[in-house]
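These notes are about the structure you will find just below.
Residue numbers (our numbering), protein chains in the order written: chain W, -4 to 395; chain P, 33 to 210.
Dropping the structure here:
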C-alpha cells in the first residue's frame, strides 16, 4: 500500500483525480488532514465528503483491477480533493480615484471552503484543467473583483488620503462581501476578509518626497541649531573657565595683598596699641595735672569765696552802720525841726540850710559807698581781679 | 465507555433528538461522535451566518451601515467559531504503555454534558439570528439588539466550546504514584 499525494505545491487549492487512471500494483491510500477534504463522485453522483481520515484503498491495487475486469466496481470514480482552510489571494488592481489620480495595488481576499461546498468546485473543473491553483483562482476572480469592488470603491475616494482611511477599508470589505458572493458561492468559497493594499500614488510620492526634503531640511536646521548650541555652550564654558581662572588669580592676588595688609594691619595695630598706651599715659598725666590744677583752683575758689563772704559781711556791716547813722541823723534832724517849729524858728532859711546839710550828708554817704565799688584790675595770667582779692584764683600769684 | 451511564442518558437523548447517530461516545465510536458534534456546531454556525449574510446584504445595499456592520461582525464571529470547531482537538486513544492518559469515563460524561450545552447554545443563536432577520422583515423590535445578542452568544459559545480542550486533555501525563 502506498501513499497518494494529491497536493505537491502550496499553491494547489484543489485537484480532481480520476481514480480509474491510477493503475498501480499497490493500493493507494491518502491521508486527509483537518484542512483537507475529499469529495467522492461515483458514477456521476456526489458521494461522501471526507476529512480527517485515512482513505484506504482509494485507487489502484490488484483487487480493484480484478473488480474492474469483472465489472463489479463503479464505472467512473473521481476524487475531488480540496483545501478547506483559510487561504489568502492577492489580486492586483489598477484604478483611478475621483480626482483622476492612478492607483495601483493589491486586493487581499481571505477565503475558506466549507466541507459541504467542496463539490461545488465541479463548476470550475467542468471547463478548466483538473488542478486549481492559487493563480488560477486569482485569474478567475480578478476581473470581477476589479469591476465590482475595486473600481466603485476607488471612485468614492476624493483624494489619495481617503485610500488610507478606515472607512475605505470598511467599505471595501463590505462591498467585496456583498458583490463577490455570487461568484464565490458558485465556486464553493466563503469570503472571510477582504482589504486593499494600495501602492503610493504619484502625488503621494511627491508628498513623500516633499516631506522627506522638509525632514532633511528640518534635520539640517536641527543640526545647525545643535551645533550653534554646542558652540554657545563651548563659548559659555570657555568664558566661565576664563572667569574662574581670573577669579582664582584675583583671589590669589587678593589673598597675597590681604596677607600683606594683614601684616601691615598687625603692625599698625601694634603701633596703635603703643600709641594708645602712650596716649593713656599722657591722658593720665594730664588728668593728674588737671586734678592738681582743679585742686588749686578749688582751693583758690574756696579762699575767694571766704573773702567774698567776709566782704559781703563787711559791706552789710557798713550798710547797717550807715543806715543806723542816717536814721539817727534823720531822728536828730526831725527833732531839731520839731524844736524849731515849736520855738517858731522854722524859717525858709532854716529849711534851706537843713536841706543843704541833708544833701551834703547824702553826698558823703554816697562817696563812701562809691569808694568801695572800685573797677576790678587784671592779673598777669589774664584773670579779671575783683577788688579785695589778695591772690589770683587762677595762678595763685599774690595781688599787691 | 462500554455503555451509556444513566446519569448522562437524558443529555444523550437530547442530543439524539437533533443528531441521529450520536450514542454518547460508546466504545469504538468516539471519533465518529466527536465528528458528529463538531459538524453539527459548524452547521448551526453556518445557519447563523446565512441569516446574518441576508441581513448584511440587505442593509448594505440600503446604506444602513450600522446594521450592516453589526451583521458583518456577527458573520466574522461565526467564521471564527467554525474555524475553531474545525480545528479543535478530538482527544486521543493512547496505547496502554504510552505513558499518556486517555479520556476516562468521567471525562466522557463531562463531554456529553458539554456537547449538549454547546448545541443548546448554538441553537439559541440560530433562533436569535432568525428573530433578527424576522424583525427586519416585519419592522418590529430592535434588530440591531438581536444581532448583537447573537454575536454575543456566538462569542460565548466559542469560549465555552474551548472547554472541550480541557476535557479532552488526552496528552496529559499519567500521575506517577509515589
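Where a beta carbon is used, it is the ideal one built from N, C-alpha and C, also for glycine.
If you drop the 5 nearest sequence neighbours on each side, which residues of the same chain put their C-beta closer than 6 Å to that of residue 369 (chain W)? Residue confidence for residue 369 (chain W) is low, a pLDDT of 48 falling below 50, so the modelled location carries little weight; the figure read from the coordinates is stated next. The answer, listed in chain order, is 382.
Short check: CB of residue 44 (chain P) to CB of residue 56 (chain P), under 7 Å? yes
Residue range of the beta strand (DSSP E) that residue 73 (chain W) falls in? 72 to 78
Between the beta-carbon of residue 41 (chain P) and the beta-carbon of residue 72 (chain P), is there less than 7 Å? no
Residue 178 (chain W) and residue 186 (chain W) - do their beta-carbons sit closer together than 7 Å? no
Does the distance from the CB of residue 4 (chain W) to the CB of residue 21 (chain W) come in under 7 Å? no
What would DSSP say about residue 116 (chain W), mapped onto helix, strand or coil? helix
What does the alpha-carbon distance come out to for the pair residue 177 (chain P) and residue 158 (chain P)? 15 Å
Just reading off the beta strand (DSSP E) that residue 125 (chain W) is part of, what are its end residues? Taken as a continuous stretch (DSSP letters only), residue 125 (chain W) belongs to no beta strand (DSSP E), as it is neither H nor E.
Rounded C-beta distance between residue 42 (chain W) and residue 71 (chain W)? I'm assuming under 8 Å. With a Cβ gap of about 12 Å, residue 42 (chain W) and residue 71 (chain W) do not count as contacting.
Distance, residue 208 (chain W) Cα to residue 182 (chain P) Cα: 53 Å
Using a cut-off of 7 Å between C-beta atoms, extract the partners of residue 78 (chain P) located in chain W. 109
Where residue 366 (chain W) falls, given that 16 or more other Cβ within 10 Å makes a residue buried: Annotation note: pLDDT 48 at residue 366 (chain W) (below 50); position unreliable, coordinate value reported separately. It is exposed - the Cβ of residue 366 (chain W) has fewer than 16 other Cβ atoms within 10 Å.
Closer than 7 Å, CB to CB, is residue 405 (chain W) near chain P or not? Chain W is shown only over -4 to 395; residue 405 (chain W) falls outside these bounds and no answer can be derived.
Against chain P, with Cβ distances strictly below 7 Å, would residue 116 (chain W) count as a contact? no
Counting contacts by CB-CB distance shorter than 7 Å, is residue 176 (chain P) in contact with chain W? no
I need the boundaries of the beta strand (DSSP E) containing residue 100 (chain W), first residue and last residue. 97 to 108
Would you verify that the beta carbon of residue 156 (chain P) is, or is not, closer than 7 Å to some beta carbon of chain W? no
Give the DSSP-derived three-state secondary structure of residue 366 (chain W) in the structure shown. Unreliable positioning characterises residue 366 (chain W) in this predicted model, as indicated by a pLDDT of 48, which lies under 50. A coordinate reading is not provided.
Quick one: Cα of residue 364 (chain W) to Cα of residue 294 (chain W), how far? Its pLDDT being 48, under 50, residue 364 (chain W) is placed unreliably by the model, and the measurement read from it follows with that caveat. If you take the alpha carbons of residue 364 (chain W) and residue 294 (chain W), they lie about 30 Å apart.
Please check if any C-beta of chain P sits within less than 7 Å of the C-beta of residue 151 (chain W). no
Starting from the beta carbon of residue 161 (chain P), find every residue of chain W whose beta carbon is closer than 8 Å, and list them in chain order. Those do not exist, as residue 161 (chain P) stays about 16 Å from chain W at its closest Cβ, beyond 8 Å.
In terms of alpha-carbon separation, which member of W:116, W:348, W:33 lies closest to residue 74 (chain W)? W:33
If the cut-off is 9 Å on Cβ atoms, which residues from the stretch 9 to 29 of chain W count as contacting chain P, listed in chain order? 29
What first and last residue would you give for the alpha helix (DSSP H) that runs through residue 112 (chain P)? 97 to 118
Taking all protein chains shown into account, decide if residue 65 (chain W) is buried (16 or more other Cβ within 10 angstroms of its Cβ) or exposed. exposed
Kindly list the residues whose CB is nearer than 6 Å to the CB of residue 48 (chain P), restricted to its own chain and excluding five residues on each side of it in sequence; keep chain order. 54
What residue does the beta strand (DSSP E) around residue 35 (chain W) start on, and which one ends it? 31 to 37
Taking only beta carbons into account, state which residues of the stretch 120 to 132 of chain W come closer than 8 Å to chain P, listed in chain order. none
So with CB distances below 7 Å, who are the chain P contacts of residue 187 (chain W)? 111
Cα-Cα separation between residue 100 (chain P) and residue 221 (chain W), rounded to whole angstroms: 55 Å
For a contact meaning CB atoms closer than 9 Å, what does residue 104 (chain P) contact in chain W? 165, 168, 169, 172
Considering Cα atoms alone, identify which of W:212, W:47, W:37 is closest to residue 70 (chain P). W:47
Beta-carbon separation of residue 77 (chain W) and residue 126 (chain W) under 7 Å? no
By how many angstroms is the C-alpha of residue 347 (chain W) removed from the C-alpha of residue 355 (chain W)? 12 Å
If residue 144 (chain W) sits next to residue 167 (chain W), beta carbons under 8 Å apart, how far is it from one beta carbon to the other, in whole angstroms? 7 Å
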